[in-house]
Amino acid sequence: MNIAKSVLAQNIDRRMADLGVRTYKELAAISEVSASVLTNISSNPKKSVMAPVAVMLAKALKCRVEWLVTGEGPMNLDEVERANRLRFGAPVIEINELARTDPKDLLLSISEDETRERHPCPKGNAESLFIIKTDVQIGKYPAGGMIYFDWDSEPSSGQLVVARTAEGMAPEVMEYYFARGKKFLKCLSEEIPKELLVTEIEPEMEIIAVMKSYAI
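Quick note: the sequence shown uses my numbering, first residue 68, plus one each step.
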């Protein structure tokens, strides 16, 4: 008959697996908590531990003590910091910042930049969101607002997207359309002749991100 493990024992096993710690003997060596105590925790669901033991285990397993013992809250400080960043919202970027890197790598590189302006998204925050501020009207969206884009999203016909139309070119905000089994991009610049506004998407073109929301 299998006895259900305590939350503490389950979380110890989970972090051992995450970190590649194979045995309680290995964990004992890095935590200074004896293998016999670890075995007792594993086999006795009602086993409690002294605070110093919990602290040593949490340090060795790179997690928060509260999460280790109770399973509540974020697992570690990285998750706390990530949650705080999400709470403050998506970062504002310049579209030219996407000229030499993809949005996922860019957002990762600026994730700890406390000077970066951020705003919550009206439709909910996510790590894949970024903001481009509008100095001029873009499509139906007036100047002076903020367009939220999601790099981890697929476009629907009629949506704004950030797209690169040729390798090495700076990306721009365009409209995406799907019609008659083909995909198109529409330039929103008033300076482009009408016959050149819409182009069929070619293999060298890339949709970088899709509009999620707009706010003023």
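The beta carbon of each residue, even a glycine, is placed where N, CA and C say it ideally should be.
Close Cβ partners of residue i (< 7 Å) along its chain, the five nearest in sequence each way excluded
i, result
"A71", "P112"
"V132", "A121, V122, A125"
"R231", "P238, M272, E273, I275"
"L264", "K253, C254"
C-alpha distance - residue i paired with residue j, whole-angstrom precision
i, j, result
"P119", "K126", "11 Å"
"S98", "D219", "39 Å"
"G191", "T182", "22 Å"
"K261", "Q204", "18 Å"
"K253", "D180", "34 Å"
"T106", "R82", "15 Å"
Three-way DSSP call (helix, strand, coil) for residue i in this model
i, result
"M117", "coil"
"L94", "helix"
"I268", "coil"
"K207", "coil"
"V104", "helix"
"R82", "helix"
"R183", "coil"
"A282", "strand"
Rounded Cβ spacing between residue i and residue j (contact assumed at less than 8 Å)
i, j, result
"L227", "G206", "6 Å"
"V229", "L165", "7 Å"
CB contact flag (residue i, residue j, <8 Å)
i, j, result
"E242", "G225", "yes"
"F197", "A157", "yes"
"G140", "V74", "no"
"P189", "S280", "yes"
"E267", "F251", "yes"
Chain-order list of residues whose beta-carbon lies under 6 Å from that of residue i (same chain, five-residue window excluded)
i, result
"D85", "none"
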